[in-house]
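S.K.: By this note's numbering, the letter at position 61 of the sequence shown is numbered 85, and the numbering carries on one by one without gaps.
By construction, the Cβ of each residue, glycine as well, lies at the ideal position given by its N, Cα and C atoms.
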Amino acid sequence: MHDRACPGYGRLRRHWVEKCLCLATRRVSLDAAIKARALALQQTGFSPLDALHLACAEAAGAGQFLTCDDRVIRRYSGRMIVQSPVTFITTMV
25 MHDRACPGYG RLRRHWVEKC LCLATRRVSL DAAIKARALA LQQTGFSPLD
75 ALHLACAEAA GAGQFLTCDD RVIRRYSGRM IVQSPVTFIT TMV
């Protein structure tokens, strides 16, 4: 990603996010089970957004969850493999 102070950062970020979303093969609708799981994750120390993101990934049946947030990688102990994109790529090569 580019420096946030860079002119056009917002536009570049939106474009990058749109490209990533095109790769999505499944969409998850927020329901009571996802909300409950997100609350449970939040009670273990995850931020509300991280908890919701993890809960949605679990509900979608994701086997792996990629994040650059080392705290999420260390803290998560659910059924998905949570790792950095770098670790993911190096294990795939």
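1. Residue 102 to residue 38, Cα distance in whole Å?
2. If you check the beta carbons only, do residue 83 and residue 104 fall under 9 angstroms apart?
3. Reducing DSSP to helix, strand and coil, say where residue 90 ends up.
4. Identify which residue in 116, 67, 76 has its Cα closest to the Cα of residue 52.
M.R.: By the coordinates alone:
1. Start at 1 with the first residue of the sequence shown, and residue 102 comes out as number 78. Start at 1 with the first residue of the sequence shown, and residue 38 comes out as number 14. Near 30 angstroms, if we compare the C-alpha coordinates of residue 38 and residue 102.
2. Looking up residue 83 in the sequence shown gives position 59. Looking up residue 104 in the sequence shown gives position 80. Contact: no.
3. Along the sequence shown, one-based indexing puts residue 90 at 66. Here residue 90 carries a strand assignment [DSSP, helix/strand/coil].
4. Within the sequence shown, numbered from 1, the residue matching residue 52 stands at position 28. Closest option to residue 52, Cα to Cα, is 76.
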